[in-house]
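Colleague:
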Amino acid sequence: MNPTYYNKAEAVFNKTLGLDPKNVEAMGGMDSLYLSRHQFAKGLEYGQQALALKQTSYNY
Numbered sequence: 230m231n232p233t234y235y236n237k238a239e240a241v242f243n244k245t246l247g248l249d250p251k252n253v254e255a256m257g258g259m260d261s262l263y264l265s266r267h268q269f270a271k272g273l274e275y276g277q278q279a280l281a282l283k284q285t286s287y288n289y
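Using this note's numbering, the letters of the sequence shown map in sequence onto residues 230 to 289.
1. Can VAL241 and ALA279 be called in contact, C-beta distance under 8 Å?
2. Leaving aside the five residues before and after THR245 along the sequence, list all residues of the same chain whose C-beta is less than 7 Å from its C-beta, in chain order.
3. DSSP three-state label for PRO325, please.
4. Considering only the alpha carbon of each residue, which of GLY257, ASP249, TYR234 and THR233 lies closest to LYS283?
5. Which term fits TYR234, buried or exposed, when burial requires 16 or more other beta carbons within 10 angstroms of its beta carbon?
Below, the structure written as structure tokens:
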């Protein structure tokens, strides 16, 4: 993920999660975003939420 787009990506993921709080793809995007920013606790939180919703996915 290009750091130039972090803020835009975060806004899109937040908007998506505001409309659909169980959107696994947006949660995975937030996970990747926070891990890229070295905010590991927040990344882990989103990753765990995504995994809880979609336990068969190997991405989380």
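Where is the CB? At the ideal position from N, CA and C, for every residue including glycine.
Modeller: So, from the data block:
1. Result no, Cβ atoms of VAL241 and ALA279 do not sit closer than 8 Å.
2. Excluding sequence neighbours, THR245 sits near ASN252 and ALA255.
3. A query on residue 325 cannot be resolved here, the shown segment of the chain reaching from 230 to 289 and no further.
4. Selected option, being the one with the closest Cα: GLY257.
5. Note on TYR234: under 16 other CB atoms within 10 angstroms of its CB, so exposed under the neighbour-count rule.
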